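A.B. asks:
Residue numbers (the working numbering): 2 to 208.
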């Protein structure tokens, strides 16, 4: 990968850290209010019931997809980095094992996120950004091999608390420890999508 390409990627990733899924909260709530995702209960179940039944699992899935999309850590086939060809921007891409196509990846994502939520949190950056993290080559899903990072947030099970609620939507605060083991929280905007709880937005409270 040439120096110019590396500089472009560094700039893009820096912007992602500041503005993407970690759409860090600065005294504002940017929930878009309409979602789709996880184990379904009853269509007319209360938001409290859906949150109590599903929120811990839904939070786990949010971390899973953050890891896939923004840390570029989808499970890959075995590969030799030195043998990967560079694309037109000077980046190398590795074959993804757990998903075959972008459509398949999106279908799995939208079990837990509304389409609009997934678009805002993941697709705009990882699929449609100036340097896509994922794309298809010869009909096969590949992930950028030049940016794979590690680290995870450790979510506190049972800490979900509804802070705002309407008939079909809610804002749920969940506590976690970040990669530096510091206590933080995040506000999940969720919706009852025909009996299934899905995420529409996430705001990480970094202060």
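Every residue gets a Cβ at the ideal spot worked out from N, C-alpha and C, and that includes glycine. Please read these numbers as outputs of a predicted model, since none were measured by experiment.
Could you check whether the stretch 88-101 touches the stretch 45-64, counting it as contact only if at least three pairs of C-beta atoms, one from each stretch, sit closer than 8 Å?
C.D. replies: Flag = no, the stretch 88-101 and the stretch 45-64 do not touch.
A.B. asks: With DSSP run on the structure shown, which of helix, strand or coil describes residue 71?
C.D. replies: Coil, per DSSP.
A.B. asks: Can residue 260 and residue 84 be called in contact, C-beta distance under 8 Å?
C.D. replies: Nothing about residue 260 can be reported from this structure: the residues present for the chain run from 2 to 208 only.
A.B. asks: Less than 8 Å between the C-beta atoms of residue 134 and residue 70, yes or no?
C.D. replies: Result yes, Cβ atoms of residue 134 and residue 70 sit closer than 8 Å.
A.B. asks: Let me know the secondary structure DSSP gives residue 115 once reduced to three states.
C.D. replies: Note: residue 115 maps to coil in three-state DSSP.
A.B. asks: Just tell me which of 61, 204 and 86 has its CA closest to the CA of residue 144.
C.D. replies: Ranking the options by Cα distance to residue 144, first place goes to 86.
A.B. asks: Classify residue 186 as helix, strand or coil using the three-state DSSP reduction.
C.D. replies: Strand.
A.B. asks: Here's the rule I'm using: 16 or more other beta-carbon atoms within 10 Å means buried, otherwise exposed. How should residue 55 be labelled?
C.D. replies: With 16 or more other Cβ atoms within 10 Å, it is buried.
A.B. asks: Can you tell me where the alpha helix (DSSP H) holding residue 85 begins and where it ends?
C.D. replies: Run containing residue 85: none; DSSP gives neither H nor E here.
A.B. asks: Any chance the stretch 176-185 sits against the stretch 156-167, with 3 or more Cβ pairs inside 8 Å?
C.D. replies: Output reads yes: the stretch 156-167 touches the stretch 176-185.
A.B. asks: In whole angstroms, give me the CA-to-CA distance for residue 132 and residue 195.
C.D. replies: Their backbone Cα atoms lie some 36 Å apart in a straight line.
A.B. asks: List, from N- to C-terminal side, the alpha helix (DSSP H) runs of 4 residues or more that fit wholly inside the stretch 93-146.
C.D. replies: Correct list: 103-110 and 116-119.
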